[in-house]
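Student: Let me begin by handing over the structure; questions about it come next.
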Amino acid sequence: AQKVTQAQTEISVVEKEDVTLDCVYETRDTTYYLFWYKQPPSGELVFLIRRNSFDEQNEISGRYSWNFQKSTSSFNFTITASQVVDSAVYFCALSEAYSGAGSYQLTFGKGTKLSVIP
Amino acid sequence: NAGVMQNPRHLVRRRGQEARLRCSPMKGHSHVYWYRQLPEEGLKFMVYLQKENIIDESGMPKERFSAEFPKEGPSILRIQQVVRGDSAAYFCASSPPGTSGRTLSTDTQYFGPGTRLTVL
Numbered sequence: 006a007q008k009v010t011q012a013q014t015e016i017s018v019v020e021k022e023d024v025t026l027d028c029v030y031e032t033r034d035t036t037y038y039l040f041w042y043k044q045p046p047s048g049e050l051v052f053l054i055r056r057n058s059f060d061e062q063n064e065i066s067g068r069y070s071w072n073f074q075k076s077t078s079s080f081n082f083t084i085t086a087s088q089v090v091d092s093a094v095y096f097c098a099l100s101e102a103y104s105g106a107g108s109y110q111l112t113f114g115k116g117t118k119l120s121v122i123p
Numbered sequence: 006n007a008g009v010m011q012n013p014r015h016l017v018r019r020r021g022q023e024a025r026l027r028c029s030p031m032k033g034h035s036h037v038y039w040y041r042q043l044p045e046e047g048l049k050f051m052v053y054l055q056k057e058n059i060i061d062e063s064g065m066p067k068e069r070f071s072a073e074f075p076k077e078g079p080s081i082l083r084i085q086q087v088v089r090g091d092s093a094a095y096f097c098a099s100s101p102p103g104t105s106g107r108t109l110s111t112d113t114q115y116f117g118p119g120t121r122l123t124v125l
């Protein structure tokens, strides 16, 4: 069974600090996908990134970067020079390759609430 | 380019009433997923549908809940005889058709804004 653990329930940082959100996953599949979503106070879920299990290259998008380490089953997310608008709940998610009548359903971590203080 | 649309955004029902939640996928998307976000439990998968087919309903409660995605029109999540424990945010997500002849889509799921259901 697949599982995603986000050990940090809440994090507070002061604006312009860097912050890393941890995500550890468990899966028995060799083919899987990892995601990060952002849920701002308004409540919608915003897609940030998708990674497949065969691509361990780190990714950078502006102030956001992601570190995928298969050896430790981790997919951590770093925000550089945080801003107040980054305040949100961030979810890490996993979907496994499925055979038969299954689906690529997402298994979410419980989320990390990030508060960026001005 | 409209995203995933859900309505209503907020829904209040009394115990015993029915709740109908609607989801229109993004243009070109033929796969729909429903998730529920309960306080303290996080986001949980409920059901996966393609047009006129339920593909995976392993996350659906056995009673009172049903879902459909007709050939025309939005996907509907229906909750009969609601109870207080059904109060939650219900999110719909959509993804494009599978590539390379695959039936299942491996593409990213894009979420709608959610419907917040409150049962009094």
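These protein sequences, in sequence, are chains A and B.
This note's numbering numbers the first residue of the first sequence as 6 and each following residue consecutively.
This note's numbering numbers the first residue of the second sequence as 6 and each following residue consecutively.
C-beta: ideal position from N, C-alpha, C; glycine also.
Output, in chain order, the set of chain A residues within a Cβ distance shorter than 7 Å of B:Gly119.
Tutor: Residue numbering aside, residue 119 of chain B sits at position 114 when the second sequence is read from its first letter. Residues of chain A passing the Cβ test: Gly48 and Glu49.
Student: I think B:Ser100 touches B:Thr113, with their Cβ atoms under 8 Å apart; what is that distance to the nearest whole Å?
Tutor: In the second sequence, residue 100 of chain B corresponds to position 95, counting from 1. In the second sequence, residue 113 of chain B corresponds to position 108, counting from 1. At roughly 6 Å, the Cβ-Cβ gap stays under 8 Å, so B:Ser100 and B:Thr113 are in contact.
Student: Between B:Gly78 and chain D, is there a C-beta pair that is closer than 8 Å?
Tutor: Checking the listed chains, one finds no chain D in this structure; the protein chains it contains are A and B.
Student: Mind checking which residues open and close the beta strand (DSSP E) that includes A:Phe40?
Tutor: Looking up residue 40 of chain A in the first sequence gives position 35. Where A:Phe40 is concerned, the enclosing beta strand (DSSP E) stretches over Tyr37 to Gln44.
Student: For B:Ala94, which residues in chain A fall below 8 Å Cβ to Cβ?
Tutor: As a working mapping, residue 94 of chain B is identified with position 89 in the second sequence. Gly48, listed in chain order.
Student: Use the C-beta contact count for B:Pro30: other C-beta atoms within 10 angstroms, 16 or more gives buried, fewer gives exposed.
Tutor: Stepping through the second sequence from its first residue, residue 30 of chain B is reached at position 25. Under this definition B:Pro30 is a buried residue.
Student: What are the residues in the region 33 to 62 of chain B lying within 7 Å of chain A by C-beta distance?
Tutor: Tyr38, Gly47, Leu48, Phe50, Tyr53, Ile60 and Asp61
Student: Is the beta carbon of B:Pro118 sitting closer than 8 Å to the one on A:Gly48?
Tutor: Translated into the one-based positions of the second sequence, residue 118 of chain B becomes position 113. Translated into the one-based positions of the first sequence, residue 48 of chain A becomes position 43. In contact: B:Pro118 and A:Gly48 (Cβ atoms closer than 8 Å).
Student: Would you call B:Thr120 buried or exposed, if buried means 16 or more other Cβ atoms sit within 10 Å of its Cβ?
Tutor: On the second sequence, residue 120 of chain B is found 115 positions in, with the first residue counted as 1. Buried, because 16 or more other Cβ atoms sit within 10 Å of the Cβ of B:Thr120.
Student: Could you tell me whether any Cβ in chain A is nearer than 8 Å to the Cβ of B:Phe70?
Tutor: Position 65 of the second sequence holds residue 70 of chain B. Judged by the 8 Å Cβ criterion, B:Phe70 is not in contact with chain A.
Student: For A:Gly107, which residues of its own chain have a beta-carbon under 8 Å away from its beta-carbon, when the five flanking residues on both sides are left out?
Tutor: Your numbering for residue 107 of chain A matches position 102 in the first sequence. Annotation note: pLDDT 49 at A:Gly107 (below 50); position unreliable, no value reported.
Student: Specify the secondary structure class of B:Lys129 as computed by DSSP and reduced to three states.
Tutor: Here chain B covers residues 6 to 125 and nothing more, so residue 129 of chain B does not appear.
Student: Could you tell me whether the Cβ of A:Arg55 comes closer than 8 Å to any Cβ of chain B?
Tutor: For the purposes of this step, residue 55 of chain A is identified with residue 50 of the first sequence, where counting begins at 1. Contact with chain B is found for A:Arg55, since one of that chain's Cβ atoms lies less than 8 Å from the residue's Cβ.
Student: Could you name the residues that DSSP lists as bridge partners for B:Leu16?
Tutor: As a first step, residue 16 of chain B must be located in the second sequence, where it is residue number 11. Looking at the DSSP assignment, B:Leu16 forms a beta bridge with B:Leu122.
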